[in-house]
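Residue numbers (this note's numbering): 3 to 302.
Note that beta-carbon positions come from the ideal geometry of N, C-alpha and C, so glycine has one too.
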Amino acid sequence: MTFLPTLKQLQYLAALHEHQHFGRAADACFVTQSTLSSGIRELETLLDAALVERTRRVVRFTPLGEKIARKAILVLREAEDLAALAQAEARPLTGEIRMGVIPTIAPFFLPKALPRLRAAWPDLKLYLREETSASVCDALGRGQVDCVLLALPFPCGDVASVKLFRDYFHIAAHKDDIHSAGKVIHPEDIDTDRLLLLEDGHCLKEHALAACGRPEYRSETSVVGTSLHTLVQMVDNRLGTTLVPDMALKAGILNGTDVETRPIDGARPYREIALVWRKSSPREEEFRLLAQALVDAASV
Numbered sequence: 003m004t005f006l007p008t009l010k011q012l013q014y015l016a017a018l019h020e021h022q023h024f025g026r027a028a029d030a031c032f033v034t035q036s037t038l039s040s041g042i043r044e045l046e047t048l049l050d051a052a053l054v055e056r057t058r059r060v061v062r063f064t065p066l067g068e069k070i071a072r073k074a075i076l077v078l079r080e081a082e083d084l085a086a087l088a089q090a091e092a093r094p095l096t097g098e099i100r101m102g103v104i105p106t107i108a109p110f111f112l113p114k115a116l117p118r119l120r121a122a123w124p125d126l127k128l129y130l131r132e133e134t135s136a137s138v139c140d141a142l143g144r145g146q147v148d149c150v151l152l153a154l155p156f157p158c159g160d161v162a163s164v165k166l167f168r169d170y171f172h173i174a175a176h177k178d179d180i181h182s183a184g185k186v187i188h189p190e191d192i193d194t195d196r197l198l199l200l201e202d203g204h205c206l207k208e209h210a211l212a213a214c215g216r217p218e219y220r221s222e223t224s225v226v227g228t229s230l231h232t233l234v235q236m237v238d239n240r241l242g243t244t245l246v247p248d249m250a251l252k253a254g255i256l257n258g259t260d261v262e263t264r265p266i267d268g269a270r271p272y273r274e275i276a277l278v279w280r281k282s283s284p285r286e287e288e289f290r291l292l293a294q295a296l297v298d299a300a301s302v
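Structure below.
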């Protein structure tokens, strides 16, 4: 008879691989450090192989340990999907859903959407994880989140998606810098040398450059902000111009500032807000229900 690792042992190994620290991994698993360490030693004994090199300062996985840890993550994701399949069949949108959200959506759309989701699906426990586009897509692939509220286009791996709505861009500048401009701004009139963008890792940077008709522009000196709020404050101090999506304007991001906006001429550039999930997920029908609820929230 082949003796197989337990899911608990694989959880301990995956947590240690993620956190690279026994104490933090133990906290993530809600066990003591000695319990986690013992569980991994039992796994090594079962497999008759060293998976982790233990030193006082660092955790170092052996080459085999790296391979087994990555496989453990996949096994755990499949086990979670198995449980989710049964739950979704019985009662959709009940229990837990872990949703990743990017920072240029979360503070502007979720305050509007979450109360409506609670009213429509009172038994849904929605746990949110806010990260940049690249990080949250990685978390989706690793099974750390179930779905992601994302702005497209953005490469997020082998995913399925539902497009929710278009979020149009506006050029934002200090009122004294924009007062002579017309009712709309032509893309060729946007001075990219004064354009303030988010730092790398935020998909809004790429979307903004595409909206200006300058997708090839990559000047590092233009990357100055860690959030849209920071960019607006810099514009308010006449340090440059930026692009602001419609949902942020509706949420009042310009309140209390001397910043004004103008629409961009032409095809009205926008980003597509979408809900994405792994194609292999058994909860597709639930995510489509969730997507429709988000569309309804956006239309109010």
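Quick one: what's residue i bridged to in DSSP?
{"i": "residue 46", "result": "In DSSP, residue 46 forms no bridge with anything."}
{"i": "residue 279", "result": "149, 162"}
{"i": "residue 247", "result": "171"}
{"i": "residue 63", "result": "54"}
{"i": "residue 103", "result": "132, 151"}
{"i": "residue 176", "result": "261"}
{"i": "residue 82", "result": "Looking at the DSSP assignment, residue 82 forms no beta bridge with any residue, so it has no partner."}
{"i": "residue 187", "result": "266"}
{"i": "residue 273", "result": "169"}
{"i": "residue 98", "result": "127"}
{"i": "residue 41", "result": "Answer is none; residue 41 lacks a bridge partner."}
{"i": "residue 227", "result": "200"}
Along the chain, where does the beta strand (DSSP E) containing residue i start, and where does it finish?
{"i": "residue 198", "result": "Counting along the chain, residue 198 falls outside any beta strand (DSSP E), and DSSP gives it neither H nor E."}
{"i": "residue 131", "result": "126-132"}
{"i": "residue 262", "result": "261-265"}
Just reading off the alpha helix (DSSP H) that residue i is part of, what are its end residues?
{"i": "residue 290", "result": "286-301"}
{"i": "residue 109", "result": "108-122"}
{"i": "residue 25", "result": "24-31"}
{"i": "residue 232", "result": "230-238"}
{"i": "residue 20", "result": "9-21"}
Is residue i near residue j, with beta carbons less than 8 Å apart?
{"i": "residue 264", "j": "residue 209", "result": "no"}
{"i": "residue 295", "j": "residue 26", "result": "no"}
{"i": "residue 84", "j": "residue 12", "result": "no"}
{"i": "residue 54", "j": "residue 61", "result": "yes"}
{"i": "residue 243", "j": "residue 198", "result": "yes"}
{"i": "residue 156", "j": "residue 297", "result": "no"}
{"i": "residue 15", "j": "residue 71", "result": "yes"}
{"i": "residue 285", "j": "residue 125", "result": "no"}
{"i": "residue 120", "j": "residue 100", "result": "no"}
{"i": "residue 105", "j": "residue 171", "result": "no"}
{"i": "residue 280", "j": "residue 160", "result": "yes"}
{"i": "residue 7", "j": "residue 48", "result": "yes"}
{"i": "residue 175", "j": "residue 237", "result": "yes"}
Considering Cα atoms alone, identify which of the options is closest to residue i.
{"i": "residue 301", "options": "142, 148, 36, 252", "result": "252"}
{"i": "residue 248", "options": "122, 57, 173, 241", "result": "173"}
{"i": "residue 266", "options": "65, 176, 206, 212", "result": "212"}
{"i": "residue 127", "options": "63, 116, 135", "result": "116"}
{"i": "residue 111", "options": "63, 9, 254", "result": "254"}
{"i": "residue 108", "options": "153, 161, 245, 67", "result": "153"}
{"i": "residue 20", "options": "194, 145, 246, 289", "result": "145"}
{"i": "residue 289", "options": "140, 96, 201", "result": "96"}
{"i": "residue 185", "options": "169, 268, 129, 7", "result": "268"}
{"i": "residue 56", "options": "23, 133, 122, 113", "result": "23"}
{"i": "residue 158", "options": "175, 134, 176", "result": "134"}
{"i": "residue 9", "options": "73, 189, 195, 194", "result": "73"}
{"i": "residue 228", "options": "240, 239, 206, 241", "result": "206"}
{"i": "residue 283", "options": "190, 76, 188", "result": "76"}
{"i": "residue 129", "options": "240, 241, 123, 98", "result": "98"}
{"i": "residue 194", "options": "241, 177, 40", "result": "241"}
{"i": "residue 177", "options": "190, 189, 260, 239", "result": "260"}
{"i": "residue 299", "options": "190, 122, 29", "result": "122"}
{"i": "residue 200", "options": "232, 258, 33", "result": "232"}
{"i": "residue 162", "options": "65, 28, 287, 35", "result": "287"}
How close, in whole Å, do the beta carbons of residue i and residue j come, if the pair is a contact with beta carbons under 8 Å?
{"i": "residue 256", "j": "residue 226", "result": "No, residue 256 and residue 226 are not in contact; Cβ-Cβ is about 18 Å, not under 8 Å."}
{"i": "residue 17", "j": "residue 31", "result": "5 Å"}
{"i": "residue 2", "j": "residue 192", "result": "What the structure shows of the chain is the stretch from 3 to 302, and residue 2 is not part of that stretch, so it cannot be assessed."}
{"i": "residue 150", "j": "residue 164", "result": "Incorrect: roughly 12 Å between the Cβ atoms, too far for contact."}
{"i": "residue 250", "j": "residue 230", "result": "6 Å"}
{"i": "residue 102", "j": "residue 45", "result": "With 8 Å as the limit, residue 102 and residue 45 do not qualify as a contact, their Cβ atoms being about 29 Å apart."}
{"i": "residue 42", "j": "residue 169", "result": "The pair is not a contact, with the Cβ atoms about 45 Å apart (cut-off 8 Å)."}
Of all the CB atoms in chain E, is at least one closer than 8 Å to the CB of residue i?
{"i": "residue 57", "result": "Of the protein chains in this structure there is only one, and it is not chain E."}
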